[in-house]
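**Q**
Number of protein chains: 2
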Amino acid sequence: MWQLLQFPLCPFSRKVRLLMGEKGIAYSLVRENPWEYRDEFLHMNPAARTPVLVDSARNLTLSDSVAITEFIEETSDTAPMISGSATYRAEIRRLVAWFDQQFYGDVTAPLLHERMKKRLVHRQPPDSSVLREAMRLANGHLDYIDYLIDHRSWMAGSTMSMADLAAAAQLSVADYLGGIDWSGHEQTKAWYSMFKSRPSFRPLLSERMEAITPPSYYEQVDF
Amino acid sequence: MWQLLQFPLCPFSRKVRLLMGEKGIAYSLVRENPWEYRDEFLHMNPAARTPVLVDSARNLTLSDSVAITEFIEETSDTAPMISGSATYRAEIRRLVAWFDQQFYGDVTAPLLHERMKKRLVHRQPPDSSVLREAMRLANGHLDYIDYLIDHRSWMAGSTMSMADLAAAAQLSVADYLGGIDWSGHEQTKAWYSMFKSRPSFRPLLSERMEAITPPSYYEQVDF
Ligand SMILES: N[C@@H](CCC(=O)N[C@@H](CS)C(=O)NCC(=O)O)C(=O)O
Ligand SMILES: N[C@@H](CCC(=O)N[C@@H](CS)C(=O)NCC(=O)O)C(=O)O
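Protein chains in written order, with numbering that gives the first Met the number 0: chain A, 0 to 222; chain B, 0 to 222.
#1: From which residue to which residue does the beta strand (DSSP E) around residue 53 of chain B run?
#2: By Cβ distance below 7 angstroms, which residues in the same chain neighbour residue 173 of chain A in space, the five residues on each side in sequence not counted?
#3: Starting from residue 97 of chain A, find everything on chain B with Cβ-Cβ shorter than 7 angstroms and list it in chain order.
#4: At what residues does the alpha helix (DSSP H) containing residue 190 of chain B begin and finish?
#5: Is residue 167 of chain B near residue 94 of chain B, with beta carbons less than 9 angstroms apart?
#6: By Cβ distance below 6 angstroms, which residues in the same chain neighbour residue 7 of chain A in space, the five residues on each side in sequence not counted?
#7: Any heavy atom of ligand 1 closer than 8 angstroms to the beta-carbon of residue 65 of chain A?
#8: Using a Cβ-Cβ cut-off of less than 8 angstroms, list which residues of the region 68 to 84 of chain B approach chain A; keep chain order.
#9: Is DSSP giving residue 211 of chain B helix, strand or coil here?
#10: Applying a beta-carbon distance threshold of less than 7 angstroms, which residues of chain B neighbour residue 62 of chain A?
#11: Give the straight-line distance between the Cα atoms of residue 42 of chain B and residue 92 of chain B, rounded to the nearest whole angstrom.
#12: Could you tell me whether any Cβ in chain B is nearer than 9 angstroms to the Cβ of residue 49 of chain A?
#13: Is the beta carbon of residue 80 of chain B less than 9 angstroms from the beta carbon of residue 176 of chain B?
#14: Determine whether the beta carbon atoms of residue 59 of chain B and residue 31 of chain B lie at a separation below 9 angstroms.
#15: Is the region 181 to 195 of chain A touching the region 8 to 20 of chain B in the sense that three or more CB pairs, one from each, lie closer than 8 angstroms?
#16: Any heavy atom of ligand 1 inside 8 angstroms of the beta-carbon of residue 181 of chain B?
#17: List, from N- to C-terminal side, the beta strand (DSSP E) runs of 3 residues or more that fit wholly inside the region 12 to 61 of chain A.
#18: Does the region 60 to 74 of chain A come close enough to the region 118 to 127 of chain A that 3 or more CB-CB pairs lie under 8 angstroms?
#19: Mind listing which residues of the region 172 to 195 of chain B have their C-beta closer than 7 angstroms to chain A's C-betas, in chain order?
#20: How would you list, in chain order, the residues of chain A whose beta-carbon sits under 9 angstroms from the beta-carbon of residue 88 of chain B?
#21: Tell me residue 2 of chain B's beta-bridge partners as DSSP assigns them.
#22: Between residue 36 of chain A and chain B, is any beta-carbon pair separated by less than 9 angstroms?
#23: Counting only Cβ-Cβ distances shorter than 7 angstroms, please list the residues of the region 135 to 153 of chain B near chain A, keeping chain order.
#24: Would DSSP call residue 102 of chain B helix, strand or coil?
#25: Along chain B, in chain order, which residues have C-beta atoms closer than 9 angstroms to that of residue 59 of chain A?
#26: Does DSSP put residue 172 of chain A in a helix, a strand or coil?
#27: Are the Cβ atoms of residue 88 of chain A and residue 70 of chain B separated by less than 9 angstroms?
#28: Measuring straight from C-alpha to C-alpha, what distance separates residue 27 of chain A and residue 53 of chain A?
#29: Tell me which residues share the same chain as residue 140 of chain A and place their Cβ nearer than 6 angstroms to its Cβ, disregarding the 5 neighbours each side in the sequence.
#30: Could you say which of A:133, A:219, A:72 and A:148 lies nearest to residue 254 of chain A if we only look at CA atoms?
#31: Taking 8 angstroms as the cut-off, does the CB of residue 99 of chain B come closer than this to any heavy atom belonging to ligand 3?
#32: Is residue 111 of chain A a contact residue of ligand 1, with contact defined as CB to any heavy atom under 8 angstroms?
#33: If you draw a straight line from the alpha carbon of residue 84 of chain B to that of residue 216 of chain A, how long is it in whole angstroms?
#34: Is residue 155 of chain A helix, strand or coil by DSSP?
#35: How many angstroms separate the CA atom of residue 203 of chain B from the CA atom of residue 118 of chain B?
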């Protein structure tokens, strides 16, 4: 069986878990704090990042969430998440990259650094100006997501895809860390509320990272 | 015909150009400085990043280099660069992500910022401590590339793949900006020397970015 090395607030691991959940692929979780640079972990992934997906029976060790999700997509035939025409697949992958890099870089990464790493690793208080800037950028990015949802049923078009999973992964971590002000973003809110009730997402929403409490509405479908 | 919006030192555009060159797909270049946030460009790619690949006759606008290269790979049948078993494809994509993110973030991006953007946009001198740190990290990353080349014919295994194109794209920009000390990296140097003579790479190596001169050995196959 697959083992996924991750920690509860890693958005890239969440993206992989949502995909495996949608496809009904079984896996167990192994807790890994990449910032501890465990020798055995570095050996599995020299980039020292989560997620890493392992199947020791088959001697497989996969890393990088895009490489992992493309692998799962290529080797499973249920619930395709990168499908349709080549143009549609390009739009799905463009949005995955936008969430994985732009949204993560501007919003999720600074929130994780200030609210999680500083607390657990550096034992420092968060820098409120960095948090304010991340929330300001989140607001602009939510405007763009509102615009997408206004024109399409799902993030990339008429079907649910990897773009929705990438979006839910980043948004849920940012929301856990109190970085999202949902007011004025009715379209994204409606999409997220619907996504929250998916069986693939419920187990993720009920998990907690030690010492860090999410807002009271974090897990609620109506918020 | 395809039009590629880019500037000469954008490594992600170089990766796309190498792929199109290997496959013999024709395109013309359109100069774009993403940091000028041209309205029409933002409209094409809200992430405001190069490369963007356009075919106006077919009303296609693609952005993000991974989405673009997967699209080209899916729609062409010459010179496959993401091929082989699912496991091999995962290894190719892992290394592409490593070059696009780790090598770029640690080495190419700070070099571009200090040596290109500060000169052309901010009219400031480069910060030598940032340059030193980028070169230190480059050295460590070259050790890892040496290790890969020691164990394999090409970056990802027995065939040339997207991983080699991603590597050449990042290394060539870092080398242009004087960020690579090749001494002690014989394996990577031999691989790069061989790669430099490929017809897909020659036109890139002969291009220049205004006001920035590469080291004298930059274009030479023997260096
Ligand atoms: N491109 C990678 C990015 C993974 C990544 O950045 N993971 C973060 C955790 S969310 C990490 O491990 N960072 C290193 C650290 O925190 O020390 C992927 O998509 O898997
Ligand atoms: N994930 C994107 C990254 C592209 C990227 O970061 N491009 C740089 C130029 S090399 C850019 O446009 N940066 C914005 C700027 O310089 O203002 C891709 O692979 O295409």
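The beta-carbon is built from N, C-alpha and C at its ideal position, and this holds for glycine as well.
Predicted, not measured: the structure shown is a model, and the values here were computed from it.
**A** Put simply:
#1: By one-based count along the second sequence, residue 53 of chain B stands at place 54. Where residue 53 of chain B is concerned, the enclosing beta strand (DSSP E) stretches over 51 to 54.
#2: Locating residue 173 of chain A in the first sequence gives position 174, where the first residue counts as 1. Here the set comprises 106, 107, 110, 137 and 179.
#3: Taking the first residue of the first sequence as position 1, residue 97 of chain A is located at position 98. Within 7 angstroms Cβ-Cβ: 46.
#4: Counting from one through the second sequence, the residue named residue 190 of chain B turns up at place 191. It spans 185 to 195 - the alpha helix (DSSP H) in which residue 190 of chain B sits, taken as one unbroken run.
#5: Against the second sequence, residue 167 of chain B aligns to sequence position 168. Against the second sequence, residue 94 of chain B aligns to sequence position 95. Result no, Cβ atoms of residue 167 of chain B and residue 94 of chain B do not sit closer than 9 angstroms.
#6: For the purposes of this step, residue 7 of chain A is taken as the residue at position 8 of the first sequence. Excluding positions up to five away in sequence, the list reads 206 and 208.
#7: Against the first sequence, residue 65 of chain A aligns to sequence position 66. Yes, since a heavy atom of ligand 1 falls inside the 8 angstroms radius drawn around the Cβ of residue 65 of chain A.
#8: 69, 70, 73 and 74
#9: For the purposes of this step, residue 211 of chain B is identified with residue 212 of the second sequence, where counting begins at 1. Note: residue 211 of chain B maps to strand in three-state DSSP.
#10: Residue mapping note: residue 62 of chain A aligns to position 63 of the first sequence, counting from 1. Within 7 angstroms Cβ-Cβ: 93.
#11: Within the second sequence, the letter at position 43 stands for residue 42 of chain B. Within the second sequence, the letter at position 93 stands for residue 92 of chain B. The alpha-carbon atoms of residue 42 of chain B and residue 92 of chain B are separated by roughly 29 angstroms.
#12: Position 50 of the first sequence, counted from the start, is the residue given in the question as residue 49 of chain A. No, residue 49 of chain A does not count as interfacial toward chain B.
#13: Stepping through the second sequence from its first residue, residue 80 of chain B is reached at position 81. Stepping through the second sequence from its first residue, residue 176 of chain B is reached at position 177. No. Outside cutoff.
#14: As a working mapping, residue 59 of chain B is identified with position 60 in the second sequence. As a working mapping, residue 31 of chain B is identified with position 32 in the second sequence. No. Outside cutoff.
#15: no
#16: Position 182 of the second sequence, counted from the first residue, corresponds to residue 181 of chain B. Residue 181 of chain B Cβ: outside cutoff for every heavy atom of ligand 1.
#17: 26 to 30 and 51 to 54
#18: no
#19: none
#20: Counting from 1 along the second sequence, the entry for residue 88 of chain B is found at position 89. Simply 66, 69, 70 and 73.
#21: The sequence position of residue 2 of chain B within the second sequence is 3, counting from 1. Partner(s): B:27 and B:53.
#22: Numbered from its first residue, the first sequence carries residue 36 of chain A at position 37. No, residue 36 of chain A does not count as interfacial toward chain B.
#23: 143
#24: The residue you call residue 102 of chain B lines up with position 103 of the second sequence. DSSP places residue 102 of chain B in helix when its eight states are reduced to three.
#25: Taking the first residue of the first sequence as 1, we reach residue 59 of chain A at position 60. Within 9 angstroms Cβ-Cβ: 86 and 89.
#26: By one-based count along the first sequence, residue 172 of chain A stands at place 173. Helix, per DSSP.
#27: Within the first sequence, residue 88 of chain A is the residue found at index 89, counting from 1. Within the second sequence, residue 70 of chain B is the residue found at index 71, counting from 1. In this structure, residue 70 of chain B lies closer than 9 angstroms to residue 88 of chain A by Cβ.
#28: Translated into positions along the first sequence, residue 27 of chain A becomes position 28. Translated into positions along the first sequence, residue 53 of chain A becomes position 54. Distance between the alpha carbons of residue 27 of chain A and residue 53 of chain A is about 10 angstroms.
#29: Residue mapping note: residue 140 of chain A aligns to position 141 of the first sequence, counting from 1. Closer than 6 angstroms at the Cβ level, and outside the excluded window around residue 140 of chain A, lie 102.
#30: The structure shown has nothing for residue 254 of chain A, since chain A only spans 0 to 222.
#31: Ligands in the displayed structure: ligand 1 and ligand 2; ligand 3 is not one of them.
#32: Stepping through the first sequence from its first residue, residue 111 of chain A is reached at position 112. Residue 111 of chain A Cβ: within cutoff of ligand 1.
#33: Against the second sequence, residue 84 of chain B aligns to sequence position 85. Against the first sequence, residue 216 of chain A aligns to sequence position 217. Cα-Cα distance, rounded: 44 angstroms.
#34: In the first sequence, residue 155 of chain A corresponds to position 156, counting from 1. Coil.
#35: Locating residue 203 of chain B in the second sequence gives position 204, where the first residue counts as 1. Locating residue 118 of chain B in the second sequence gives position 119, where the first residue counts as 1. Cα to Cα, residue 203 of chain B sits roughly 22 angstroms from residue 118 of chain B.
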